[in-house]
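Residue numbers (this note's numbering), protein chains in the order written: chain R, 1 to 418; chain C, 1001 to 1418.
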C-alpha cells in the first residue's frame, strides 16, 4: 500500500513550525508495511487543498491529511473535503456533546464560543474517528478504492487518533508489497570511505535491495531496505546482507538496530555498570537533555551541573578561581577541573565537561565564536579536545554535544579494553 | 514570486529524519518577499524526481531542491536533473581541486575515494554555486522563465549556500507581489476564546488580509499577513490592524514580534535585572537547554542542577533525606526544597524545580507515569502545581518544560506588579 501525507496550513510553509507530524506518521505506517511515497505541505486555500487531494489520489492508496480542522476561520479543510467528495457537512450529536463536556470541564463558568459547535460538523460520507483527546474529530472516508483520513494538526491529538483509531483499521488490510529494513550505526568512518569499503557488497545487490547512507556529524547510519512479496524470505536475505556488512565494516558498527548513539551509550554503560555526569557550560544542559530523553537513562545518568556563570563553576564544580582568571572559562585547564569537579561531586565513573563560546556574540581574537573545549574523565584518564566550530549558536551547541559524546565513547571503549 | 521546495531522499519519508531544512529555507525566502507555496518530500527514485520537477515548474517560479548530491549510489539527483534539462554532466576543475583539498586536509595519508571525483560533476547548463563548506557544489539553472536551485541536503552546507550564494542572487529580482507579516504571542487564553474575542476585527478584514492561529500548549501565536503591491501602504495597514488586535486582547499579548516565549522571558528578566536557575529532575536539563538556546541568556541564566539521582537532590540541592523518604522524589515537598536549594546555592532571584515520572516506565498507582510536580520560587513567594500528563516520555518532558516556564512567567508578573 502506497501512502501520501498532506499537511495543510501556512505555518509550515512560512517556516514557523517544523513538520514533525509527518515524520511520526511515516514511522507508524512503516511498521505496518505501508510506505509513504510523498509528503506534501500546502497552503490552507481552497484550490490548493482540492488539487492536492486529487493529485495524491492518483499516486497513493492511502491519503492522510492533517490540519485545518480547528474552530477558527483559517480552518477550511472540512469545507473543501465536502466539495471534493461531493457531500455535505452534518452535525454529529455525540461529537457535539463531547465538545461541550470538554469545554465545561476547562471553563467552569464560561459559555462555549459558538465557533466550537462547528467542531461537531463532519462529512456525511465519513466514518467518525472519535477524538477522546480534543475537540476536532478525525474522519475516515473510502472512495474509489482509496482511503482518505483527515486528522487535526495538533500533534498530541493526531498521535492519539493515529494510534487508537487509524492503525487498528489499517492493520486489517493485507499488504501485498512487503518491506524489510535493517540498520547499522557506524561511528568514526566518513561517508565516502565507508561507501568505498562496502562497494563490492553494494555492487552485488539485486534490484529489490537498496542501501541508504544517512550521514550526521561523526556518524553514518546505513539503512538496508528490501522489497518483495514473501516476508520470511526477505527477512532471511536481509539478515545475510546485514551480517555481510557488519563483517566488512568491523568494530566501527556500534549498533545493528535503528537506535540513537545516546541509546547505545546508555545500554553499554548499563551493561558495564558505569555511571555518567555532565558539567555543561556552552552546551547549557543539552547533553543531559539528549541523554535523559532515553527511557532508562536514570540507571546510568546521575545528574548534571549546568555552570553557565563562572561563580557556579567555582562553587559547585570546585574550579579554582585562579584557573578561571589565568586561562579563562573557555580553556583546557578549566574543562579539566570542571570534569573532575562534577565526577567527584556526583561520584560517577565517567564525566563530561564543556566550555565554549556558542555565539553569535561573545567572541574575541584569542577565543573566537565557536571555540569549544571539551574534557572527558573516566576511570583512569582525562582526555581533552579543542574544537573550532562556526558562528551559528544552535549548530555549535549541537556539534559540541555530539563531539562530547564521541569523546566519551572513545574513552569508554579504550578503558573497557584495558 | 512563488517558490516550491522539493526534498529528495527516503529518510524523511521513512520518518527517520525531521525535515528542518525546508522550515529554514522557507524562513529565509519569506524575508525576501518570496512565498513558499508547497513543500514536497519525495523518494530518491528517477521517475519521482522527474515528475516532481515538472509539476513544481507548473506551480512555482522558483524551485529549490535539496538532497541526493552526495558521492554514494543512493544520490541520483544530478543524473535525473541532466535528463530533465536535457543536458550533460561535466567535470568542473575548480570544484575537483576543492574536493581534493578538503579530503587531504582531513585524511592526511589516505588517498581520496574515486567516488568523490563525481562530486565535481555538474550540469553543463548550470551556474555553479561554489561550496566552500563541503564537497557537493550547488547548482543554479534558469530555464523557460523558471529558476531551479539544487543544493546538498546536509543542513550546515545547505544553509551556507542559501545565505552566501542563493539569497544574494534572489535579492536582485523585483517581487511584484509583496507580503507583510505581523505577529502576536498570546499567553493564557485558549484558541477558541481568543477567536471569539477578536471576531469583530477579523470579520472586518479585507480579502488581502489573513489571520492565522497557531496554538501550542498554553500559548497562541497570531500571524497577520497582508498581500498587495505597495509595501509602504501594506506596512501602515498592518501596523493599524496589529494595534487594533493588541488593544482588543489586552495584557495577554506578551510579544508583538515573532519571538519565542523563552526569548520574552530572557528579555523581561534582563530589563528587570532578575536572574534564573533551574533544578531539574524529570525535565533532565531541557528547561536549561531551551533557555540557553537564546543568545544573551548568560545575562539572566546562572545555571542548573540536573538532579536525576536522589543523592544529587540531597547533596547539591539540600533536599532533606526525610522529605524524600516520606513524600518521595515526585512530591510537592521535594520540588519546593529543590527550588529553594538551587536558588540559595546559585543566588538567583528566581528558580524553577521539576520532578516527575517521564515514563514510559517507572509509574505506580499513587504516582502514575506522567505525574509531574513543579515549583517556582521568586522574590517573596513559592508557587507549586501538579500536572498529570500522558504516557509519552518526550511529550511529558516538553509539557513539563512549557508548564514550568508559564508558572515562572505568572509569578514574575505578579511580583513585578506588587
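Ideal Cβ positions, reconstructed from N, Cα and C, are used throughout, including at glycine.
Since we're looking at a predicted model, the values are computed, not measured.
Chain R residues whose Cβ lies nearer than 8 Å to that of residue i
i, result
"residue 1024 of chain C", "15"
"residue 1116 of chain C", "192"
"residue 1206 of chain C", "Chain R residues near residue 1206 of chain C: none, gap ~14 Å exceeds 8 Å."
"residue 963 of chain C", "The structure shown does not extend to residue 963 of chain C, since chain C is modelled only from 1001 through 1418, so no value can be given for it."
Neighbour list for residue i in chain C, Cβ cutoff strictly below 7 Å
i, result
"residue 38 of chain R", "1040, 1041 and 1042"
"residue 18 of chain R", "1018, 1020 and 1023"
"residue 279 of chain R", "Within 7 Å Cβ-Cβ: nothing; residue 279 of chain R doesn't reach chain C, min ~10 Å."
"residue 156 of chain R", "1395"
"residue 196 of chain R", "1113 and 1115"
"residue 30 of chain R", "1014 and 1015"
Element boundaries [beta strand (DSSP E), containing residue i]
i, result
"residue 148 of chain R", "146-151"
"residue 165 of chain R", "No beta strand (DSSP E) contains residue 165 of chain R, which DSSP labels as neither H nor E."
"residue 223 of chain R", "219-228"
"residue 1403 of chain C", "Per DSSP, residue 1403 of chain C belongs to no beta strand (DSSP E); it is in the alpha helix (DSSP H), 1393-1417."
"residue 1143 of chain C", "1138-1143"
"residue 210 of chain R", "209-216"
"residue 1005 of chain C", "1002-1008"
"residue 187 of chain R", "178-187"
6 Å CB neighbourhood of residue i in its chain, flanking five on each side removed
i, result
"residue 1221 of chain C", "1185 and 1214"
"residue 316 of chain R", "305"
"residue 90 of chain R", "124"
"residue 1210 of chain C", "1225"
"residue 1073 of chain C", "none"
"residue 1288 of chain C", "1278 and 1304"
Neighbour flag for residue i against chain C, beta carbons, 8 Å
i, result
"residue 394 of chain R", "yes"
"residue 259 of chain R", "no"
"residue 263 of chain R", "no"
"residue 152 of chain R", "no"
"residue 70 of chain R", "yes"
Per-residue contacts from residue i into chain R (C-beta, under 7 Å)
i, result
"residue 1312 of chain C", "302, 303 and 346"
"residue 1307 of chain C", "303"
"residue 1212 of chain C", "10, 11 and 74"
"residue 1298 of chain C", "308"
"residue 1027 of chain C", "15"
Contacts around residue i, its chain only, beta-carbon distance under 8 Å, and the 5 residues preceding and following it disregarded
i, result
"residue 56 of chain R", "4, 6, 38, 40 and 63"
"residue 1092 of chain C", "1120, 1121, 1122, 1128 and 1137"
"residue 246 of chain R", "184, 253 and 256"
"residue 1249 of chain C", "1184, 1186, 1189, 1194, 1197 and 1198"
"residue 1397 of chain C", "1282, 1283, 1284, 1286 and 1358"
"residue 1242 of chain C", "1182, 1184, 1224 and 1256"
"residue 156 of chain R", "133 and 134"
Proximal residues of chain R, C-beta to C-beta of residue i below 9 Å
i, result
"residue 1295 of chain C", "358, 359, 360, 361, 362 and 393"
"residue 1316 of chain C", "303, 305, 316, 345 and 346"
Minimum Cβ-Cβ distance from residue i to chain R less than 8 Å
i, result
"residue 1285 of chain C", "yes"
"residue 1408 of chain C", "no"
"residue 1288 of chain C", "yes"
"residue 1323 of chain C", "no"
"residue 1397 of chain C", "yes"
"residue 1292 of chain C", "yes"
Own chain residues within Cβ distance below 7 Å of residue i, not counting five before or after
i, result
"residue 1154 of chain C", "1134"
"residue 1075 of chain C", "1068 and 1069"
"residue 1043 of chain C", "1010 and 1013"
Neighbour list for residue i in chain C, Cβ cutoff strictly below 8 Å
i, result
"residue 202 of chain R", "1073"
Span of the alpha helix (DSSP H) around residue i
i, result
"residue 1099 of chain C", "1093-1106"
"residue 1232 of chain C", "1231-1249"
"residue 195 of chain R", "191-197"
message: If we require 4 or more residues per run, which alpha helix (DSSP H) segments fall completely within the stretch 16-76 of chain R?
response: Along the stretch 16-76 of chain R, the alpha helix (DSSP H) occurs as fully enclosed runs of 4 or more residues at 20-30 and 46-59, listed in sequence order.
query: Curious, which full-length alpha helix (DSSP H) runs of at least 4 residues does the stretch 317-391 of chain R contain?
result: Taken in chain order, the unbroken stretches of alpha helix (DSSP H) that lie wholly in the stretch 317-391 of chain R and span 4 residues or more are 321-327 and 332-346.
Length at least 4, wholly inside the stretch 252-326 of chain R: the alpha helix (DSSP H) runs in chain order: You should have 261-271, 286-292 and 310-317.
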